[in-house]
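Residue numbers (numbering that gives the first Met the number 0): 0 to 474. The structure under discussion appears below in the form of structure tokens.
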Amino acid sequence: MRGDHIPPSYTAGMTSTHTSTGQERLVAGPVSSLPTDHGIFAIRSFTVDAVTHAVLTMGDPADCARPLVRVHSECLTGDALGSHRCDCGDQLGAALAAIAAEGHGMLVYMAEHEGRGIGLAAKLQAYALQDEGLDTVSANRALGLPDDARDYTAAAAILRELGCPRIRLLTSNPNKQEALEELGIDVVSRVRLPVADRPENSAYLTSKRLRMNHDVPPETDTEESSTQLRGVDPDVYAALAANEEVVAQLAQSQDGFIATRTGDACFVSGITDRTHLHQIRAHVGAVLVGAQTVIADDPQLTVRAVPGTDPVRVVLDPHARVPVTSTVLSTGPTPTVWLIGSEAVPSSNVGDHVRVVSLPAAATPQEIIAVIRGQVAGSILVEGGGRTVSAFLAAGALDRLFLTTAPVFIGDGVPGIRFQGSEVMAQALRTPFRRFELGEDMCTEYLLSPAAAAHSQTNPSVQDSVSVESPQPTQ
Numbered sequence: 000m001r002g003d004h005i006p007p008s009y010t011a012g013m014t015s016t017h018t019s020t021g022q023e024r025l026v027a028g029p030v031s032s033l034p035t036d037h038g039i040f041a042i043r044s045f046t047v048d049a050v051t052h053a054v055l056t057m058g059d060p061a062d063c064a065r066p067l068v069r070v071h072s073e074c075l076t077g078d079a080l081g082s083h084r085c086d087c088g089d090q091l092g093a094a095l096a097a098i099a100a101e102g103h104g105m106l107v108y109m110a111e112h113e114g115r116g117i118g119l120a121a122k123l124q125a126y127a128l129q130d131e132g133l134d135t136v137s138a139n140r141a142l143g144l145p146d147d148a149r150d151y152t153a154a155a156a157i158l159r160e161l162g163c164p165r166i167r168l169l170t171s172n173p174n175k176q177e178a179l180e181e182l183g184i185d186v187v188s189r190v191r192l193p194v195a196d197r198p199e200n201s202a203y204l205t206s207k208r209l210r211m212n213h214d215v216p217p218e219t220d221t222e223e224s225s226t227q228l229r230g231v232d233p234d235v236y237a238a239l240a241a242n243e244e245v246v247a248q249l250a251q252s253q254d255g256f257i258a259t260r261t262g263d264a265c266f267v268s269g270i271t272d273r274t275h276l277h278q279i280r281a282h283v284g285a286v287l288v289g290a291q292t293v294i295a296d297d298p299q300l301t302v303r304a305v306p307g308t309d310p311v312r313v314v315l316d317p318h319a320r321v322p323v324t325s326t327v328l329s330t331g332p333t334p335t336v337w338l339i340g341s342e343a344v345p346s347s348n349v350g351d352h353v354r355v356v357s358l359p360a361a362a363t364p365q366e367i368i369a370v371i372r373g374q375v376a377g378s379i380l381v382e383g384g385g386r387t388v389s390a391f392l393a394a395g396a397l398d399r400l401f402l403t404t405a406p407v408f409i410g411d412g413v414p415g416i417r418f419q420g421s422e423v424m425a426q427a428l429r430t431p432f433r434r435f436e437l438g439e440d441m442c443t444e445y446l447l448s449p450a451a452a453a454h455s456q457t458n459p460s461v462q463d464s465v466s467v468e469s470p471q472p473t474q
């Protein structure tokens with residue numbers, strides 16, 4: 000395990016007090032160890048102008064030319080209580096994981112930054128206003144409070160005290176970078192944390208991106224972003240980018256369900272699997288979902304957890320059932336293709352980013368793919384739901400399938416992979432496969448076509464595969 004000892008430079012046992020080069024008075028506490036899920040960090044307190052902050056370090060950041068640093072704002076609801084209204088808890092865990100993966104770095108946990116500096120009581124008042132329909136910015140203003148009241152003077156003082164005036168900053172907030180730079184910290188780059196939006200916080204994060212200048216889409220500097228998932232062969236994504244495959248992805252429980260009987264699918268698999276999904280999106284030309292998935296989940300179908308370009312969104316909706324208020328039809332600029340039946344009458348009240356395309360009557364998966372190929376180049380991701388993925392699998396229209404199994408039993412609910420199978424085991428579908436551990440989940444990549452097997456020859460386990468039979472179409 001990395002970070003299993005505390006460097007001598009951080010083991011002073013006595014508290015030190017001094018006045019920094021600025022006006023703030025800084026008191027540094029003794030160092031102790033903090034075992035975490037991500038490794039053992041050194042932790043100490045820094046009190047600046049009577050406010051005490053916590054600093055976690057791994058390795059000796061001062062020995063690095065540009066250490067990885069997260070300046071994290073206190074968030075009781077997200078960090079301690081596990082709230083999904085914000086992404087603070089996810090960002091905290093991802094930051095510690097990124098620092099541990101690098102083997103050195105620092106997290107400065109800023110007290111009195113609750114609610115972007117307005118305090119816990121005011122933040123909960125803002126929550127109540129958000130429940131009534133205001134976004135996070137409008138709620139603050141309705142209370143007569145600033146959009147962001149945070150002060151980073153203490154953070155800058157701590158970084159200078161620890162010999163880290165030049166850093167790589169873990170954040171998607173350019174305003175945080177600017178604030179630290181105004182205080183004399185040289186931020187050589189921003190590194191975006193690979194944290195996917197949740198349905199509960201998607202609107203909140205969208206408001207911050209649209210109204211508070213937060214990064215979207217993610218940065219494209221792959222050197223500065225933690226995008227390679229451990230255990231996943233590098234050729235997995237490269238094959239999708241270099242070829243024109245049809246690939247499907249689905250996450251289901253151990254007993255084969257993608258959601259509960261009420262339709263709750265939040266979340267079957269973990270954050271690593273969702274990052275894997277965003278990696279696939281970033282390497283394909285189009286992502287296809289069925290109408291029921293859009294109606295039930297209202298997905299964005301964009302690339303947010305990793306660097307990359309958004310694929311063209313394709314909505315398979317033969318009866319034009321998807322409401323025009325759905326994210327994919329109402330929110331650009333990501334191009335969206337709305338596939339409807341030849342006799343369906345779509346609403347004209349959709350965004351300019353939407354292109355309406357007619358499908359042949361009773362179109363087969365192969366015919367649907369042909370229509371998409373006429374609109375979009377590159378690989379096609381069939382993302383959901385279970386019926387759509389199953390139909391493409393049963394029709395033999397897929398080159399590969401990523402099927403993630405999560406360690407959870409749902410009992411009954413919305414089924415995942417289902418198709419009319421064979422009556423004897425000898426005729427059951429068997430294909431070459433690879434498996435990847437994605438956190439607590441297990442992802443199996445099924446190579447369903449000779450082309451997919453050929454594109455994946457870097458893996459010795461599939462080099463002998465020469466042909467793959469597809470299941471018979473559903474009657």
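The C-beta atom is built at its ideal place from N, Cα and C for all residues, glycine as well. Being a predicted model, the structure only gives us computed values, none of them experimental.
On the DSSP bridge list, what partners appear for T404?
Looking at the DSSP output, T404 shares a beta bridge with Q251 and M441.
Own chain partners of L249 with C-beta closer than 6 Å, once the 5 adjacent residues on each side are dropped
So the qualifying residues of the chain are V388, L402 and G415.
Rounded distance between the beta-carbons of V314 and V321, thought under 8 Å:
At roughly 6 Å, the Cβ-Cβ gap stays under 8 Å, so V321 and V314 are in contact.
Note down, one range per segment and in chain order, each beta strand (DSSP E) of at least 3 residues found wholly within the segment 382 to 431.
Runs of the beta strand (DSSP E) inside the segment 382 to 431: 399 to 405 and 412 to 414.
Any 3 or more C-beta pairs closer than 8 Å across the segment 396 to 411 and the segment 249 to 268:
Yes: at least three Cβ pairs fall under 8 Å.
At what residues does the beta strand (DSSP E) containing A110 begin and finish?
Taken as a continuous stretch (DSSP letters only), A110 belongs to no beta strand (DSSP E), as it is neither H nor E.
Please tell me whether D234 and S455 are closer than 8 Å, where the distance is taken between their beta carbons.
A contact, by the Cβ cut-off of 8 Å.
From this set, A64, V323, T330 and R354, which residue's C-alpha is nearest W337's C-alpha?
Among A64, V323, T330 and R354, the Cα nearest to that of W337 is on R354.
I'd like to know if the segment 198 to 215 and the segment 236 to 249 are in contact, where contact means that at least 3 CB-CB pairs between them fall below 8 Å.
The segment 198 to 215 is not in contact with the segment 236 to 249.
Contact check, G383 vs G262 under 8 Å by CB: the rounded distance?
Approximately 12 Å separates the beta-carbon atoms of G383 and G262; this is outside 8 Å, ruling out the contact.
G132 burial status per 10 Å Cβ neighbour count (16 or more: buried):
With fewer than 16 Cβ atoms within 10 Å of its Cβ, G132 is classed as exposed.
Who are the Cβ neighbours of Y236 in its own chain at under 8 Å, not counting the five residues just before and after it?
So the list reads Q278, I279, A281 and H282, once near-sequence residues are dropped.
Identify which residue in I98, I367 and D309 has its Cα closest to the Cα of P332.
It is D309 whose Cα lies nearest to the Cα of P332.
Along the chain, where does the beta strand (DSSP E) containing D272 start, and where does it finish?
No beta strand (DSSP E) contains D272, which is instead part of the alpha helix (DSSP H) from I270 to A281.
In terms of residues, what are the limits of the beta strand (DSSP E) holding S357?
Bounds of the beta strand (DSSP E) holding S357 are V353 to L358.
Measuring CA to CA, which of V136, D59 and P298 is closest to G102?
A check of alpha carbon separations from G102 across V136, D59 and P298 identifies D59 as the nearest.
According to DSSP, is A185 helix, strand or coil?
According to the sequence as given, residue 185 is Asp; it is not Ala. Of the three classes helix, strand and coil, the one that applies to D185 here is strand, per DSSP.
Give me the Cα-Cα distance between L392 and A97, rounded to the nearest whole angstrom.
Cα to Cα, the separation comes out at about 36 Å.
I need the boundaries of the beta strand (DSSP E) containing I492, first residue and last residue.
The first residue shown for the chain is 0 and the last is 474, placing residue 492 beyond what the model contains.
Are there three or more Cβ pairs, one per stretch, closer than 8 Å when the segment 363 to 382 is compared with the segment 287 to 303?
These segments touch.
Report yes if the CB atom of H112 is closer than 8 Å to the CB atom of A94, and no otherwise.
No. Outside cutoff.
Using a Cβ-Cβ cutoff of less than 6 Å, which residues in the same chain neighbour L437 once the five nearest sequence positions on both sides are dropped?
Counting only Cβ-Cβ distances below 6 Å, and skipping sequence neighbours, we find T271, D272 and H275.
Can the beta-carbon of T546 be found less than 8 Å from the beta-carbon of K207?
Residue 546 is absent from the structure shown; the chain starts at 0 and stops at 474.
Three-state class that DSSP yields for S325 in the structure shown:
Look at S325 here: in three-state DSSP terms it is coil, with no helix or strand label.
Taking 8 Å as the cut-off, decide whether the C-beta atoms of S171 and D214 are in contact.
Yes, Cβ-Cβ distance for S171 and D214 is below 8 Å.
Counterpart residues of V70 in DSSP-defined beta bridges
Partner(s): V107.
Return yes when the Cβ of A319 is within less than 8 Å of the Cβ of I339, no when it is not.
A319 sits close to I339, with the two beta carbons spaced by under 8 Å.
Do you know how far the Cα of D297 is from the Cα of H83?
Linking H83 to D297 through their CA atoms gives a straight-line distance of about 17 Å.
V349 (DSSP reduced to helix, strand or coil)
Three-state result, V349: coil.
Residue closest to C265, alpha-carbon to alpha-carbon, out of A295, A241 and A238
Nearest neighbour of C265 by Cα position, chosen from A295, A241 and A238, turns out to be A295.
Do I166 and R303 have their C-beta atoms closer together than 8 Å?
Result no, Cβ atoms of I166 and R303 do not sit closer than 8 Å.
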